[in-house]
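Numbered per this note's numbering, the sequence shown spans residues 224 to 307. We put the beta carbon where it would ideally sit given N, CA and C, even for glycine. All values reported here derive from a predicted model rather than from experimental measurement. First the structure, in the form of structure tokens, and then the observations on it.
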Amino acid sequence: MNTWEYALLVRRREASGQNWRISFYWYSPDGDRQDVTQFGDTAIAQLNLAGKKGWELVSSEEDINNLQGSTEVHRYYLKRPSAT
């Protein structure tokens, strides 16, 4: 029987004055949260890095605050075979 471990990549885009601030956070299988923004400035770059480590995209979802247009959150759910 295959067992899996799961992780979450979150992309957040927030209004910052006249500009937008984009950040990426990685939630590992053990629950640790790490700012991985410096490893890529697009979701594709971040997902390609995860893919090189054996992670596969399972699903994604998007939340947009349309009332104020000030926040977007994209969640990318990933899995890979468990080492155990």
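Would you identify the three-state DSSP class for threonine 294, choosing helix, strand or coil?
As a first step, residue 294 must be located in the sequence shown, where it is residue number 71. In the structure shown, threonine 294 sits in a strand (DSSP, three-state: E or B).
Going by DSSP, what residue range makes up the alpha helix (DSSP H) through asparagine 271?
Against the sequence shown, residue 271 aligns to sequence position 48. From DSSP, the alpha helix (DSSP H) with asparagine 271 extends over 266–275.
From this set, Arg256, Gln257, Phe247, which residue's C-alpha is nearest leucine 270's C-alpha?
To locate residue 270, count along the sequence shown from 1; it is residue 47. Minimum Cα-Cα distance from leucine 270 among the listed residues Arg256, Gln257, Phe247 corresponds to Phe247.
Report the residue from Tyr250, Trp243, Asp255, Glu279 whose alpha carbon sits nearest the alpha carbon of aspartate 264.
As a first step, residue 264 is located in the sequence shown; it is residue number 41 there, counting from the start. Residue Trp243 is the option with its Cα nearest to aspartate 264.
What residue does the beta strand (DSSP E) around phenylalanine 247 start on, and which one ends it?
As a position in the sequence shown, residue 247 is number 24, starting the count at 1. From DSSP, the beta strand (DSSP E) with phenylalanine 247 extends over 242–250.
Report, in whole angstroms, the separation of the C-beta atoms of arginine 303 and tryptophan 278, which I expect to be a contact under 8 Å.
Taking the first residue of the sequence shown as position 1, residue 303 is located at position 80. Taking the first residue of the sequence shown as position 1, residue 278 is located at position 55. Going by Cβ atoms, the distance from arginine 303 to tryptophan 278 rounds to 5 Å, so yes, they are a contact pair.
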